[in-house]
Amino acid sequence: AVMLSGEAASGKYPVQAVMAEASAVREAESIKHRLRRACPPVESAKVVPPRLHVNMGNKRQETDDRIRKTKVVASLGPASWSEEMIPKMIQAGTDIFR
């Protein structure tokens, strides 16, 4: 889970904060398998340098939040607990409110 507390609860831009975190999570999840393949675990018997390449990051980003495994948790506060703001934050990618 990724937790947003300060900006989502009392900042000026709660929706933009949720969108940024959801985007970062999608990006990290989309390249995770590439990094695992390029960098074997330390416990592995193979001792080879990582095979990372600049093109590993040049890919189309996944935009479907439904297939994201990591959950975005946002704290509610004065900036975000209105009836208008909660649906906007859900649309931006929030999975759980606290």
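What the sequence shown shows, in my numbering, is residues 30 to 127, in sequence order.
Don't be surprised by glycine CBs; every beta carbon is placed ideally from N, CA and C.
Backbone CA spacing between residue 119 and residue 35 [nearest angstrom]: The residue given as residue 119 occupies position 90 in the sequence shown. The residue given as residue 35 occupies position 6 in the sequence shown. Cα-Cα distance, rounded: 17 Å.
Distance CB(residue 123)-CB(residue 31) smaller than 7 Å: Numbered from its first residue, the sequence shown carries residue 123 at position 94. Numbered from its first residue, the sequence shown carries residue 31 at position 2. No, the Cβ-Cβ distance between residue 123 and residue 31 is not below 7 Å.
Coarse secondary structure for residue 108, derived from DSSP in three states: If you number the sequence shown from 1, residue 108 lands on position 79. Three-state result, residue 108: coil.
Reference residue 98, options 116, 55, 117, closest by Cα: To locate residue 98, count along the sequence shown from 1; it is residue 69. Out of 116, 55, 117, 55 has the C-alpha closest to the C-alpha of residue 98.
Burial state of residue 43 (16 or more Cβ within 10 Å): Your numbering for residue 43 matches position 14 in the sequence shown. Its Cβ being crowded by 16 or more others within 10 Å, residue 43 is buried.
Sequence-distant residues of its chain with Cβ nearer than 8 Å to residue 102 (five each side left out): As a position in the sequence shown, residue 102 is number 73, starting the count at 1. So the qualifying residues of the chain are 30, 31, 32, 33, 123, 124, 125, 126, 127.
Whether residue 39 touches residue 108 by CB criterion (7 Å): By one-based count along the sequence shown, residue 39 stands at place 10. By one-based count along the sequence shown, residue 108 stands at place 79. A contact, by the Cβ cut-off of 7 Å.
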